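For the sequence shown, the numbering used here assigns the number 219 to the initial residue and increments by one for each residue that follows. Here is the structure we will look at.
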Amino acid sequence: LVAQSASLGMKNSWGPLKALAAATIINGLGDTILCLFLGQGIAGAAWATTASQIVSAYMMMDSLNKEGYNAYSFAIPSPQELWKISALAAPVFISIFSKIAFYSFIIYCATSMGTHVLAAHQ
């Protein structure tokens with residue numbers, strides 16, 4: 219997603235389009251071959267999806283490299299950048315954490331009542 223956004227930000231729509239087309243073809247052929255002909259079932263579908271995503275990611279990074287951007291570079295954010303990121307993400311983090319805690323508490327209370335009491339309230 220980051221590579222796609224970077225490509226679209228540089229007004230390069232062909233890179234993501236080529237990667238999407240290749241991923242679709244690889245996934246479709248992989249699903250057909252692995253599931254239908256080789257009988258791999260859901261594991262075959264998972265392998266086909268994995269292969270298509272790896273090829274798509276490589277194609278997106280190659281497209282960015284051709285545009286002059288080093289897609290393989292890695293940089294650790296500075297403390298100031300981490301502070302900005304945490305300030306932006308804090309409200310979302312708190313709301314998601316609160317929802318998870320609340321639903322976990324509800325599930326705990328419901329399962330602690332016992333099978334018969336729980337079944338009677340459904």
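Think of the CB as a built atom: it goes at the ideal place given N, C-alpha and C, for glycine as much as any other residue. Note that the structure is a prediction, hence the values are computed from the model and not measured.
Cβ shell of residue i (< 7 Å), same chain only, five flanking positions each side left out
| i | result |
| --- | --- |
| N230 | S281, E285 |
| Q222 | P234, M278 |
| A338 | none |
| Q271 | A241 |
Segment limits, alpha helix (DSSP H) that includes residue i
| i | result |
| --- | --- |
| M277 | 260-284 |
| L238 | 232-249 |
| K229 | Run containing K229: none; DSSP gives neither H nor E here. |
| F323 | 297-330 |
| L336 | 333-338 |
Supposed close pair residue i, residue j - CB separation, criterion 8 Å
| i | j | result |
| --- | --- | --- |
| S274 | A241 | 4 Å |
| G262 | L256 | 6 Å |
8 Å CB neighbourhood of residue i in its chain, flanking five on each side removed
| i | result |
| --- | --- |
| L238 | S274 |
Burial state of residue i, where buried means 16 or more other Cβ atoms lie within 10 Å
| i | result |
| --- | --- |
| A224 | buried |
| N288 | exposed |
| G246 | exposed |
Query - the segment 233-252 touching the segment 260-279, judged by at least three CB pairs closer than 8 Å - result: yes
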